[in-house]
Amino acid sequence: MKFRRPTIILIAIVILTASEISLAQTTAITEEGYWAGIRSGYAATRDLFPRRETKTFESLLGGTVNYSRTEISEFRSKDTYRTTKTVIRDGSTIVTEAIQIGTVRYCRENTAAWKSSGCYQQPPPPLGDADETKYSVQVNKDSRTYIRTATLLKKETDKAEPTKFLTEDRFVLNSDMSVRERSIVKTVNETKSIVSRETSTFEYGITLKPIEAPTK
Numbered sequence: 221m222k223f224r225r226p227t228i229i230l231i232a233i234v235i236l237t238a239s240e241i242s243l244a245q246t247t248a249i250t251e252e253g254y255w256a257g258i259r260s261g262y263a264a265t266r267d268l269f270p271r272r273e274t275k276t277f278e279s280l281l282g283g284t285v286n287y288s289r290t291e292i293s294e295f296r297s298k299d300t301y302r303t304t305k306t307v308i309r310d311g312s313t314i315v316t317e318a319i320q321i322g323t324v325r326y327c328r329e330n331t332a333a334w335k336s337s338g339c340y341q342q343p344p345p346p347l348g349d350a351d352e353t354k355y356s357v358q359v360n361k362d363s364r365t366y367i368r369t370a371t372l373l374k375k376e377t378d379k380a381e382p383t384k385f386l387t388e389d390r391f392v393l394n395s396d397m398s399v400r401e402r403s404i405v406k407t408v409n410e411t412k413s414i415v416s417r418e419t420s421t422f423e424y425g426i427t428l429k430p431i432e433a434p435t436k
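Mind the numbering: the sequence shown is residues 221 to 436 in the working numbering, read in order.
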C-alpha cells in the first residue's frame, strides 16, 4: 500500500503527538505538595519583568453568561504597574483602572476623576467548598501542571437528589517554574454544563507602553 505525502506527514504528526502524551507522567500528590507548587510558581513569576497577566471570569446560567470579569495587568517592575478591570453584569459595564508608581497608587472608576486614596485591591475569593478533593502533578519536557479536582454535593430546593458539582483547577508552569496559565472550570457532573470558568494567562518579555502618573 502506498501513502501520499500529505498522509505520511499526518501519520508522523499523530505518532509524535502520541509520543509526547506518553512521556507526560501524572502523579498523585498531597494538598501540601499542591500548594507548595502554586506558591513557588507565583514566587518565580513576581521577579520577571516586563510581563502581562490577563484574567477572565465568567458565570453562566442555563448556558448563558450572566456575569463576566476581565482584568489585564501590566508590570514594568514590582512597584510600577497598571491594571484595568472590566465587569459586565445585568447589561451594565463598569471599568476600574489602577496605576501603581513607587508607593503611590492611583485609581478611578469609569470616567470619574483619578484619586490617590482609597485605592486597594481585593484579595482573590477563597476556593469553594468541596466534599472530596484530589491533587496531582503532570510533568513533561517543557512544563509542569498542578491539578486540583474537587467534587461537591449540593442540595437544591427544586430537586429531590443533591446535585454533584465538579471543579477542575489546572495550574501550568513553564520550564523555569514561572506561571504559564491557569484555568478553573466548574461543571454540573450529570449534564457537563459549565457553571463558571476562569482563565489566567501570563506573557513575558513583551513591550509595554510607559506607565506614568495620570493627569487630572
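For each residue, glycine too, the CB sits at the ideal point set by N, CA and C. Quick caveat: nothing in here was measured; it's all calculated off a predicted structure.
So Phe385 packs on Val405, CB below 8 Å; how close in whole Å? Contact doesn't hold; Cβ gap of about 11 Å is too wide.
What's the gap between the Cα of Val359 and the Cα of Val315? Cα to Cα, Val359 sits roughly 39 Å from Val315.
Between the CA atoms of Tyr254 and Ser293 - distance to the nearest angstrom: Tyr254 has its alpha-carbon roughly 25 Å from the corresponding atom of Ser293.
Looking only at C-alpha atoms, which of Glu273, Asp389 and Asp349 sits nearest to Ile426? Closest option to Ile426, Cα to Cα, is Glu273.
Taking its Cβ as the centre, do 16 or more other Cβ atoms sit within 10 Å of Ala333, making it buried, or is it exposed? Exposed, because fewer than 16 other Cβ atoms sit within 10 Å of the Cβ of Ala333.
Between the Cα of Gln330 and the Cα atoms of Thr383, Val307 and Gly283, which residue gives the shortest distance? The sequence shown places Asn at residue 330, not Gln. Asn330 has its Cα closest to that of Val307, out of Thr383, Val307 and Gly283.
DSSP three-state label for Thr194, please. Here the chain has residues from 221 to 436 only, and residue 194 is not among them.
What span of residues does the alpha helix (DSSP H) with Glu381 cover, start to end? Taken as a continuous stretch (DSSP letters only), Glu381 belongs to no alpha helix (DSSP H), as it is neither H nor E.
Assign Gln320 to buried or exposed, taking buried as 16 or more other Cβ atoms, counted over all protein chains shown, within 10 Å of its Cβ. Per the 10 Å Cβ criterion, buried.
So Thr371 and Asp351 are supposed to be a Cβ contact under 8 Å. How far apart are they, rounded? Right, their Cβ atoms sit about 6 Å apart.
Nearest residue (CA-CA) to Ser416, options Thr276, Arg271 and Asp267: When only C-alpha atoms are compared, the closest one is Thr276.
Ala263 to Asp378, Cα distance in whole Å? Taking the straight line joining both Cα atoms gives about 45 Å.
Just how far apart, CA to CA, sit Thr387 and Ser337? Whole-angstrom Cα-Cα distance: 38 Å.
Helix, strand or coil at Glu432 according to DSSP, with G and I counted as helix: Coil at Glu432, not helix or strand.
Evaluate Val285 with the Cβ neighbour count: other Cβ atoms within 10 Å of its Cβ, from every protein chain shown; 16 or more gives buried, anything less gives exposed. Using a 10 angstroms sphere on the CB of Val285, the tally of other CB atoms stays under 16, which defines it as exposed.
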